[in-house]
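K.L.:
Here it is, the structure, as structure tokens.
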DNA sequence: GGACGGTGAAACTTCAGGTTGCCTC
DNA sequence: GAAGTTTCACCGTCC
């Protein structure tokens, strides 16, 4: 196979060759930064142009981030990057753009390796190594198969090409042996992780599938985990420890049979780690600051992986921790939890995505992901507070949850109840003197029209029970 | 003579992702 | 460990 050498980099040559063949390709790399760089480098060499889609990509947020601008420039030239940091609307735009052929090349992290059916003729796998806690290492063969499997989907092509790029002769040999001709690794049970095990032990008791420790043992002995683990005495000990723990944190009662408490039943329904529930129950108080409250949510396993701290912001994050009196020496993750909390508080204080990317180095996609998890956990915290008879606390957490969801300060909570009114419009109303739902109701249509535009103003009036007739709109 | 711009080497920094769950005061 | 980014010294050019 002859590939024209139009650039120094193999990936660029392969990408350009794919475009010349009137085909499409995915380029897999190992970091978000590389995905952006790769898409950008390729975009500089194509002679494609698609302004319409590029504009759509840029307009996803009211204030475009640097990431939005970069993606915009790529899409203009028929390429794109795709990773978990993208806003979900941009992900969809990129995927759809690739499906309809507007975008020819996507440089991506493993986000696109599974689940999506895209018309890629080639999967160009630039990186088979990735950084982990042990350093730079080869990724599992299974992951290589996921990526290679993106090429030549039956709906679009009769065959496809997966191309690995090696950085040395040694690597080339290794890739040939382990990946191309090698076998994938064995599947391992994920049940052995303690938070998962705790959750399942509790739910088996709640659903009365297991009413005694013997029945629990019997159940787990038939799982894939036990099959792999083999040491049944050890498993018995682990299960027994879990049961004792659940009793200690008042989620079950041990008698003749194992019975879930009301708290335990709710925890199982909420599908959170029993220890998370316990931590929230013991540590949340009504008189906490936003950051303090968010820190406790971020200190739960469900929030992991937490945002990492860049060298330059270390002092800043430590200062926040000191100010809030957070000093958890036993928890190696406490500073990342503080940072994650700080980012969420920024959002609740109406900082926009561009600001958060600039100052915290957190992209819109990563932000959204954490907001969703924090919402879920705050809902769980509300429910736990209610069951524990702490109604005031439940109300307090509810406010936090609403603010997280909408990204607003407390003063806007009354306004964001309206359909079609989010953080931006609510702020506009508030800053123009319309601070409550009642004031909106009393406001003249012309004022709303000026602030929000005709369609939104009309809809808003309708929501407060006033139909604005067409003649007034003329 | 000084401002400016381009270049390349060295120093420095950072590192993938996605599933669940609930619908509220 | 390696890619990507930033910093900085160095050089040439222009006014």
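In our numbering, the protein residues as written are 2 to 475.
Just so you know, even glycine gets a beta-carbon here, dropped at the ideal spot from N, CA and C.
Who are the Cβ neighbours of residue 452 in its own chain at under 7 angstroms, not counting the five residues just before and after it?
P.N.:
For the purposes of this step, residue 452 is taken as residue 451 along the first chain, with counting starting at 1. Cβ neighbours of residue 452 beyond the five flanking positions: 429, 430, 433.
K.L.:
Taking only three categories from DSSP, how would you classify residue 140?
P.N.:
Counted from its first residue, the first chain places residue 140 at position 139. If DSSP states are grouped into helix, strand and coil, residue 140 belongs with coil.
K.L.:
Look at the Cβ atom of residue 391, then the Cβ atom of residue 419, and state whether they are nearer than 9 angstroms.
P.N.:
Stepping through the first chain from its first residue, residue 391 is reached at position 390. Stepping through the first chain from its first residue, residue 419 is reached at position 418. With respect to the 9 angstroms criterion, residue 391 and residue 419 are not classified as neighbours on the basis of their beta carbons.
K.L.:
Would you kindly work out how many angstroms separate the C-alpha atoms of residue 220 and residue 198, rounded to a whole number?
P.N.:
Taking the first residue of the first chain as position 1, residue 220 is located at position 219. Taking the first residue of the first chain as position 1, residue 198 is located at position 197. The C-alpha of residue 220 lies about 12 angstroms from the C-alpha of residue 198.
K.L.:
Can you give the beta carbon distance from residue 37 to residue 73, rounded, assuming they're within the 8 angstroms contact cut?
P.N.:
Start at 1 with the first residue of the first chain, and residue 37 comes out as number 36. Start at 1 with the first residue of the first chain, and residue 73 comes out as number 72. About 12 angstroms separates the two Cβ atoms, so there is no contact after all.
K.L.:
Pick out whichever of 372, 335, 201 has its Cα sitting closest to the Cα of residue 349.
P.N.:
Position 348 of the first chain, counting from 1, holds the residue named residue 349. That would be 372, whose Cα lies nearest to the Cα of residue 349.
K.L.:
Pull up the distance between the alpha-carbon of residue 458 and that of residue 415, whole angstroms please.
P.N.:
Counting from one through the first chain, the residue named residue 458 turns up at place 457. Counting from one through the first chain, the residue named residue 415 turns up at place 414. Each residue's alpha carbon lies about 17 angstroms from the other.
K.L.:
In terms of residue numbering, what span does the alpha helix (DSSP H) encompassing residue 95 cover?
P.N.:
Position 94 of the first chain holds residue 95. Note, residue 95: alpha helix (DSSP H), 89-100.
K.L.:
Would the beta-carbon of residue 88 fall within 9 angstroms of that of residue 62?
P.N.:
Position 87 of the first chain holds residue 88. Position 61 of the first chain holds residue 62. Closer than 9 angstroms, so yes.
K.L.:
Assess contact between the stretch 38-47 and the stretch 105-121, defined as three or more Cβ pairs (one per stretch) separated by less than 8 angstroms. Is contact present?
P.N.:
yes
K.L.:
Name, in chain order, the residues that DSSP records as bridge partners for residue 123.
P.N.:
Numbered from 1 along the first chain, position 122 holds the residue referred to as residue 123. Answer by DSSP bridge pairing, in chain order: 26, 162.
K.L.:
Spatial neighbours of residue 363 within its chain, please: C-beta separation below 7 angstroms, excluding the five flanking residues on both sides.
P.N.:
Here residue 363 corresponds to residue number 362 of the first chain, with the count starting at 1. Answer for residue 363: 308, 344, 357, listed in chain order.
K.L.:
So which of 55, 9, 66, 11 has the shortest CA-CA distance to residue 355?
P.N.:
Residue 355 sits at position 354 when you count from the first residue of the first chain. Measuring from the Cα of residue 355, the nearest candidate turns out to be 66.
K.L.:
Assign residue 135 to buried or exposed, taking buried as 16 or more other Cβ atoms, counted over all protein chains shown, within 10 Å of its Cβ.
P.N.:
By one-based count along the first chain, residue 135 stands at place 134. With fewer than 16 Cβ atoms within 10 Å of its Cβ, residue 135 is classed as exposed.
K.L.:
According to DSSP, simplified to helix, strand and coil, what is residue 62?
P.N.:
To locate residue 62, count along the first chain from 1; it is residue 61. Coil.
K.L.:
Cβ of residue 122 within 9 angstroms of Cβ of residue 145?
P.N.:
Here residue 122 corresponds to residue number 121 of the first chain, with the count starting at 1. Here residue 145 corresponds to residue number 144 of the first chain, with the count starting at 1. It is not a contact, given that the beta carbons lie outside the stated cut-off.
K.L.:
So for residue 478, helix, strand or coil by DSSP?
P.N.:
Residue 478 lies beyond the range of the chain shown here (2 to 475); nothing can be said about it.
K.L.:
How would you label residue 402, buried or exposed, when you count the other beta carbons within 10 angstroms and need 16 or more for buried?
P.N.:
As a first step, residue 402 must be located in the first chain, where it is residue number 401. With 16 or more other Cβ atoms within 10 Å, it is buried.
K.L.:
Taking its Cβ as the centre, do 16 or more other Cβ atoms sit within 10 Å of residue 189, making it buried, or is it exposed?
P.N.:
Stepping through the first chain from its first residue, residue 189 is reached at position 188. Counting Cβ neighbours within 10 Å, residue 189 comes out exposed, since fewer than 16 surround it.
K.L.:
Measuring only the C-alpha atoms, how far is residue 100 from residue 120?
P.N.:
As a first step, residue 100 must be located in the first chain, where it is residue number 99. As a first step, residue 120 must be located in the first chain, where it is residue number 119. Distance between the alpha carbons of residue 100 and residue 120: 6 angstroms.
K.L.:
Classify residue 286 as helix, strand or coil using the three-state DSSP reduction.
P.N.:
Residue 286 sits at position 285 when you count from the first residue of the first chain. Residue 286: coil per DSSP, three-state reduction.
K.L.:
With a 10 Å radius around its C-beta and 16 neighbouring C-beta atoms as the bar for buried, classify residue 6 as buried or exposed.
P.N.:
Working through the first chain from its first residue, we reach residue 6 at position 5. With fewer than 16 other beta carbons inside 10 angstroms of its own, residue 6 counts as exposed.
K.L.:
Which residue or residues does DSSP assign as beta-bridge partners of residue 82?
P.N.:
Working through the first chain from its first residue, we reach residue 82 at position 81. BP columns for residue 82 point to 108.
K.L.:
Between the Cα of residue 255 and the Cα atoms of 245, 263, 264, which residue gives the shortest distance?
P.N.:
As a first step, residue 255 is located in the first chain; it is residue number 254 there, counting from the start. With distances taken between Cα atoms, residue 255 lies closest to 245.
K.L.:
Taking Cβ to Cβ, would you say residue 319 is nearer than 9 angstroms to residue 296?
P.N.:
Here the question's residue 319 lines up with position 318 in the first chain. Here the question's residue 296 lines up with position 295 in the first chain. Going by C-beta atoms, residue 319 is not nearer than 9 angstroms to residue 296.
K.L.:
Based on Cα-Cα distance, which residue from 436, 361, 305, 51 lies nearest to residue 374?
P.N.:
One-based indexing of the first chain puts residue 374 at position 373. Nearest C-alpha to residue 374: 305.
K.L.:
Considering only DSSP beta bridges, list what residue 254 is partnered with.
P.N.:
For this step, residue 254 is matched to residue 253 along the first chain. According to DSSP, which records beta bridges pairwise, residue 254 is partnered with 260.
K.L.:
Applying the 10 Å Cβ sphere with the 16-neighbour rule, what's the burial state of residue 118?
P.N.:
Taking the first chain and counting its residues from 1, the one referred to as residue 118 is at position 117. Residue environment analysis places residue 118 among the exposed positions, since fewer than 16 neighbouring C-beta atoms fall within 10 angstroms of its C-beta.
K.L.:
Taking the straight line between their C-alpha atoms, what separation do you get for residue 225 and residue 130?
P.N.:
For the purposes of this step, residue 225 is taken as residue 224 along the first chain, with counting starting at 1. For the purposes of this step, residue 130 is taken as residue 129 along the first chain, with counting starting at 1. Cα to Cα, residue 225 sits roughly 30 angstroms from residue 130.
K.L.:
How long is the line joining the alpha carbons of residue 327 and residue 206, rounded to whole angstroms?
P.N.:
Numbered from 1 along the first chain, position 326 holds the residue referred to as residue 327. Numbered from 1 along the first chain, position 205 holds the residue referred to as residue 206. The C-alpha of residue 327 lies about 36 angstroms from the C-alpha of residue 206.
K.L.:
Given a cut-off of 9 angstroms, decide if residue 341 and residue 302 are closer than it, judged by their beta-carbon atoms.
P.N.:
Taking the first chain and counting its residues from 1, one reaches residue 302 at position 301. Taking the first chain and counting its residues from 1, one reaches residue 341 at position 340. No, Cβ-Cβ distance for residue 302 and residue 341 is not below 9 angstroms.
K.L.:
According to DSSP, is residue 8 helix, strand or coil?
P.N.:
Within the first chain, the letter at position 7 stands for residue 8. Three-state DSSP puts residue 8 in coil, outside helix and strand.
K.L.:
Taking the C-alpha atoms as reference points, what is the distance between residue 80 and residue 151?
P.N.:
The count along the first chain starts at 1 and reaches residue 80 at position 79. The count along the first chain starts at 1 and reaches residue 151 at position 150. Each residue's alpha carbon lies about 17 angstroms from the other.
K.L.:
Just the Cα atoms here: how many angstroms apart are residue 468 and residue 461?
P.N.:
Locating residue 468 in the first chain gives position 467, where the first residue counts as 1. Locating residue 461 in the first chain gives position 460, where the first residue counts as 1. Distance between the alpha carbons of residue 468 and residue 461: 10 angstroms.
K.L.:
Can you tell me whether residue 152 is helix, strand or coil according to DSSP?
P.N.:
Taking the first chain and counting its residues from 1, one reaches residue 152 at position 151. Strand at residue 152.
K.L.:
Could you please give the first and the last residue of the uninterrupted alpha helix (DSSP H) stretch that includes residue 366?
P.N.:
On the first chain, position 365 is the one that residue 366 refers to. That run of the alpha helix (DSSP H) goes 365-388.
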